[in-house]
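Everything on this sheet refers to the single structure shown next.
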Amino acid sequence: MKENIALIGFMGSGKTTVGRNLAKSLDMKFIDIDKEIVKIENKSIEDIFKNEGEEYFRSLERKIIEKESKDNNIVIATGGGVIIDNHNIKKLKETSYVVYLNCDIECIYNRVKGKKHRPLLNTENVYEKIKNLYEKRRLLYEISCDFSVFIDCDTNLYDTVLKIKKNYILS
Ligand code: S3P
Numbered sequence: 003m004k005e006n007i008a009l010i011g012f013m014g015s016g017k018t019t020v021g022r023n024l025a026k027s028l029d030m031k032f033i034d035i036d037k038e039i040v041k042i043e044n045k046s047i048e049d050i051f052k053n054e055g056e057e058y059f060r061s062l063e064r065k066i067i068e069k070e071s072k073d074n075n076i077v078i079a080t081g082g083g084v085i086i087d088n089h090n091i092k093k094l095k096e097t098s099y100v101v102y103l104n105c106d107i108e109c110i111y112n113r114v115k116g117k118k119h120r121p122l123l124n125t126e127n128v129y130e131k132i133k134n135l136y137e138k139r140r141l142l143y144e145i146s147c148d149f150s151v152f153i154d155c156d157t158n159l160y161d162t163v164l165k166i167k168k169n170y171i172l173s
């Protein structure tokens, strides 16, 4: 069994909510990579993208992943783009059991529409953007994980937490 659990998945797939509950039920610490970035930079993700650009954001993401993956007994909620960089997955896999929250696109859309804090989704046709980005990333999520769990709008949070917990303990 690996020391940590890392949650990957598209924006709105529930990484933070599932991660927080999973950490609580396993008596582990919870870390959210985006929140760490906001804390360190003292700026919102939106402002970082707007003022410093996506590349700068990705470099911070890489740095925090590198640092946090050395810790132990933690559940890590990553940002949806973490899988773009091979190095991130390699680092996470060294100490973490990587779980993909494979969330249905309709469910993602319902959760993220109208929310303004995700710079990549601040666009006219949010549904199209989600579809295109998810098509590009889907394979990366699939090949990066040790375990995946399907989620749609009817999925119960505690069932998801339990599934991950059982598979992690058996791993
Ligand atoms: C991103 C996802 C966001 C955040 C940033 C970029 C992405 O995190 O890291 O806006 O590239 O998918 P969430 O997945 O928590 O929304």
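Going left to right, the sequence shown walks through residues 3 to 173 as the numbering used here numbers them.
We put the beta carbon where it would ideally sit given N, CA and C, even for glycine.
Here the structure is a predicted model, which means the values were calculated and not measured.
Residue i versus residue j: straight-line alpha-carbon distance, rounded
i           : j           : result
residue 59  : residue 50  : 6 Å
residue 139 : residue 146 : 11 Å
residue 48  : residue 12  : 17 Å
residue 81  : residue 71  : 14 Å
residue 103 : residue 152 : 6 Å
residue 163 : residue 28  : 10 Å
residue 93  : residue 114 : 28 Å
residue 132 : residue 110 : 8 Å
residue 127 : residue 55  : 22 Å
residue 30  : residue 23  : 10 Å
residue 7   : residue 142 : 18 Å
residue 135 : residue 125 : 13 Å
residue 107 : residue 40  : 27 Å
residue 44  : residue 98  : 27 Å
residue 19  : residue 161 : 13 Å
residue 154 : residue 165 : 15 Å
residue 117 : residue 74  : 33 Å
residue 62  : residue 90  : 11 Å
Integer Cβ distance of residue i from residue j, believed to fall under 8 Å
i           : j           : result
residue 119 : residue 46  : 7 Å
residue 21  : residue 105 : The Cβ separation is near 14 Å, so there is no contact.
residue 32  : residue 77  : 5 Å
residue 66  : residue 84  : Not really, about 10 Å apart at Cβ, beyond 8 Å.
residue 64  : residue 34  : That pair is no contact at about 16 Å.
Residue i: first and last residue of the uninterrupted beta strand (DSSP E) it sits in
i           : result
residue 172 : From DSSP, residue 172 is part of no beta strand (DSSP E) but of the alpha helix (DSSP H) over 159-172.
residue 6   : 6-10
Range of the contiguous alpha helix (DSSP H) that encloses residue i
i           : result
residue 134 : 128-146
Min CB distance residue i to chain C below 9 Å
i           : result
residue 141 : No chain C is present in this structure, which holds just one protein chain.
For residue i: DSSP bridge partner residues
i           : result
residue 149 : 101
Alpha helix (DSSP H) runs contained entirely in the stretch 13-55, provided each spans 4 or more residues: 17-28 and 35-43
Ranges of the beta strand (DSSP E) found wholly within the stretch 71-116, counting only runs of at least 3: 76-79 and 98-105
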